[in-house]
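Numbering (the working numbering), first residue to last: 58 to 328. Presented below is the structure to which this report refers.
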């Protein structure tokens, strides 16, 4: 590799991870997946980072896994399937909010990355496709993050046909947050959500993600869910972060969340 295939930058509390293999449509090579996981964990462990953006360099967001033979032997010491699963699971379970800045088409594994993020801001010319079946393959590794959100009917439709789903259709169906007409609008819409997220307590955002995942994962159990929700509320209302936020609201001041950043030692939720 002559240059880094995954770039990392930070501006204030916002970390941006950029897939940087534009000549290959940002296709995910083995080393690239390893880099992505390492960089993502770096952002998660950094207490000064509160929001994570994932985007692509060039025409595509990500065209999925690179199926061409690779000479690089850096993946020989690790299980490529496990590492790829780790990429999706670490991103989807990040305690910090994640935004997919979808600058172009997302295919296969690229769709998995998008579905692993909490917000999906998509340029109007972009589309989504899972064409694995056209190559005699199945989208197994990304199914874990896609099927629970998209549902069985749409998942089978898109995965069996490999059809292109436009940004506008994605918004209509409900897996796209917002559609931007051009790159300037894309950046503005991303910044709008960054500004909204910056107003929120880091611990509260972490616990909201856990709350939703737990309530959803427990299938609406009439006994378990209410008990869990009561417990979550009780632990939240007694936290230092809640005290700070409520105090700032009562004083008509803007809360300062700088002292509540989530680093490796604070990532474990009280919920």
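The C-beta atom is built at its ideal place from N, Cα and C for all residues, glycine as well. The structure displayed is predicted, hence computed values, not measured ones.
query	result
Separation of residue 108 from residue 47, as counted between CA atoms	Within the shown structure, residues of the chain are numbered from 58 to 328, placing residue 47 beyond reach of any answer.
Extent of the continuous alpha helix (DSSP H) to which residue 261 belongs	259-274
Same chain, Cβ closer than 7 Å to residue 207, five either side skipped, listed in chain order	232
Secondary structure, beta strand (DSSP E): runs of 3+ residues fully inside the segment 149-207	155-159, 176-180, 184-186
Alpha carbon of residue 158 to alpha carbon of residue 121, nearest angstrom	16 Å
C-alpha distance - residue 288 paired with residue 315, whole-angstrom precision	27 Å
Limits of the unbroken alpha helix (DSSP H) element including residue 305	297-307
Same chain, Cβ closer than 6 Å to residue 216, five either side skipped, listed in chain order	187, 196
Separation of residue 310 from residue 293, as counted between CA atoms	21 Å
DSSP state of residue 117 mapped onto helix, strand, coil	coil
Alpha-carbon to alpha-carbon, residue 165 and residue 141	12 Å
As assigned by DSSP and simplified to three states, the class of residue 222	strand
Residue 84 versus residue 249: straight-line alpha-carbon distance, rounded	29 Å
Helix, strand or coil at residue 319 according to DSSP, with G and I counted as helix	coil
Assumed close pair residue 202, residue 149 - CB separation to whole angstroms, cut-off 8 Å	5 Å
Residues that DSSP places opposite residue 122 in a beta bridge	85
Beta-bridge pairing of residue 75 - partner residues as DSSP gives them	64, 112
Close Cβ partners of residue 64 (< 7 Å) along its chain, the five nearest in sequence each way excluded	75, 77
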